[in-house]
Amino acid sequence: MTTALITGATAGIGAAFARRLAAQGHNLVLVARDTARLREQATELHDRHGIEAEVLSADLSTDGGIEAVEKRLADVRHPVDLLVNNAGFGNKGRFLEVSMADELTMLKVHCEAVLRLTSAAVAGMRERGRGGVVNVASVAAFVPRGTYGASKSWVVQFTQGAARDLAGSGVRLMALCPGFVRTEFHERAGMGTDNIPGWMWLDADKLVAAALTDLGRGKTVSIPDPRYKALMGLVKVAPRGLLGGVTSRTGRKYGPQ
Ligand SMILES: NC(=O)c1ccc[n+]([C@@H]2O[C@H](COP(=O)([O-])OP(=O)(O)OC[C@H]3O[C@@H](n4cnc5c(N)ncnc54)[C@H](OP(=O)(O)O)[C@@H]3O)[C@@H](O)[C@H]2O)c1
């Protein structure tokens with residue numbers, strides 16, 4: 001039986017990863033800040049699927065929280081075979097409207113935690129000659145969208161570079177780039193979603209199923225939905241200046257994704 005560690009496992013995309021992986025028979029280590037919610041989820045997944053689900057409460061915006069997860073990932077007696085770096089959030093507002101403290105917290109959770117946890121996990125995976133890491137980025141990585149888009153762009157670049165360095169080691173790394181997904185994300189950030197067209201919304205369970213298929217196929221970047229694949233194709237050829245104007249306006253109206 002293999003073990004998967006998922007950060008941000010209590011809601012949205014992380015909870016969908018937990019459901020899917022538990023249904024496939026993987027044991028889980030569930031990471032988030034809300035301990036009561038983690039325990040409830042662990043019990044439910046254990047009862048439904050007969051898997052072992054550990055609870056690890058950690059705030060990934062703190063050194064102590066990151067260290068606790070690094071320690072679990074480095075435990076050679078209980079190896080982790082799949083790491084899903086998914087915890088994340090949005091900040092409402094344009095540049096200079098968001099406090100410096102909130103900007104830095106985003107970089108800590110989206111970049112520093114992802115770097116440190118990937119490193120902690122991959123060291124053992126490389127020795128064992130197998131393992132996988134999914135780093136949840138966003139299609140916002142491909143357009144100019146403030147600190148959120150920049151941090152997700154870092155996730156994509158970091159993951160692609162690490163995947164190249166680890167080619168042939170048996171360890172797979174993939175950046176997952178969703179569009180808008182129905183989760184708690186926008187509500188937590190205080191973002192309105194009324195103006196987002198219905199066709200743009202993705203379902204977290206379908207997204208995760210497609211992402212795991214892409215990981216199995218050895219992709220290093222996954223944009224799992226044909227609608228967003230087509231949109232990102234257009235983004236590649238659109239003039240940068242035009243794109244910046246559009247995303248600067250719509251990004252703040254709709255909220256980051
Ligand atoms: N929803 C979208 O439209 C969308 C689109 C593209 C990419 N994404 C990305 O997908 C990922 C998951 O987002 P989601 O939409 O599923 O959001 P969500 O429903 O709000 O869930 C976020 C999860 O992250 C955890 N979390 C937040 N801050 C944390 C911290 N400091 N330390 C540890 N855990 C923390 C939360 O649990 P606790 O509060 O208990 O800690 C929760 O389990 C994020 O990286 C996000 O950027 C989302």
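Using UniProt numbering, the first residue of the sequence shown is number 1, and each one after it goes up by one.
We put the beta carbon where it would ideally sit given N, CA and C, even for glycine.
Since we're looking at a predicted model, the values are computed, not measured.
Just how far apart, CA to CA, sit Asp81 and Ala210?
Rounded to the nearest angstrom, the two C-alpha atoms are 19 Å apart.
Compute every distance between the C-beta of Ala194 and the non-hydrogen atoms of ligand 1, then say whether any falls below 8 Å.
According to the sequence provided, residue 194 is Asp. The question's Ala does not apply to it. No; taking the cut-off as 8 Å, the Cβ of Asp194 has no heavy atom of ligand 1 nearer than that.
Considering just the uninterrupted stretch of the alpha helix (DSSP H) at Met100, what are its terminal residues?
For Met100, the enclosing alpha helix (DSSP H) begins and ends at 100 to 107.
Near ligand 1: Cys177 beta-carbon under 8 Å from a heavy atom
In this structure, Cys177 has its beta carbon less than 8 Å from a heavy atom of ligand 1.
Helix, strand or coil for Gly131, going by three-state DSSP, please let me know.
Three-state DSSP puts Gly131 in a strand.
With Ser57 as the anchor, note down where its beta strand (DSSP E) starts and where it stops.
Per DSSP, Ser57 belongs to the beta strand (DSSP E) from 53 to 57.
Where does Ala167 fall in DSSP's three states?
Ala167 falls in the coil class under three-state DSSP.
Counting Cβ pairs, one atom from each stretch, are 3 or more of them under 8 Å apart for the segment 210 to 224 and the segment 114 to 128?
Because the criterion of three Cβ pairs below 8 Å is not met, the segment 210 to 224 and the segment 114 to 128 do not touch.
Check whether the Cβ of Lys152 lies closer than 8 Å to any heavy atom of ligand 1, and answer yes or no.
With a threshold of 8 Å, the Cβ atom of Lys152 counts as near ligand 1, since some heavy atom of the ligand is closer than that.
As assigned by DSSP and simplified to three states, the class of Ser222
It is a strand residue.
Since Val114 and Asn85 should fall inside the 8 Å C-beta cutoff, what is the C-beta to C-beta distance between them, to a whole number of angstroms?
Correct: roughly 5 Å between the Cβ atoms.
Measure the alpha-carbon distance for Lys236 versus Ala230 and round it to whole angstroms.
Roughly 10 Å separates the two Cα atoms.
Look at Ser169 and Gly129 and say whether their C-beta atoms are less than 9 Å apart.
In contact: Ser169 and Gly129 (Cβ atoms closer than 9 Å).
Ala32 in three-state terms, based on DSSP:
When DSSP states are grouped into helix, strand and coil, Ala32 belongs to the strand group.
With a threshold of 6 Å on Cβ separation, who are the neighbours of Phe180 within its own chain once the five nearest residues in sequence on each side are excluded?
Correct list, in chain order: Ile196, Met200, Trp201, Gln257.
Within 10 angstroms of its Cβ, does Arg19 collect 16 or more other Cβ (buried), or is it exposed?
Arg19 comes out buried.
Say the cut is 8 Å; is the CB of Ser169 nearer than that to a heavy atom of ligand 1?
False, no ligand heavy atom lies under 8 Å from that Cβ.
Shorter than 8 Å, the distance from the beta carbon of Phe185 to the closest heavy atom of ligand 2, or not?
Ligand 2 is not part of the structure shown, which contains ligand 1 as its ligands.
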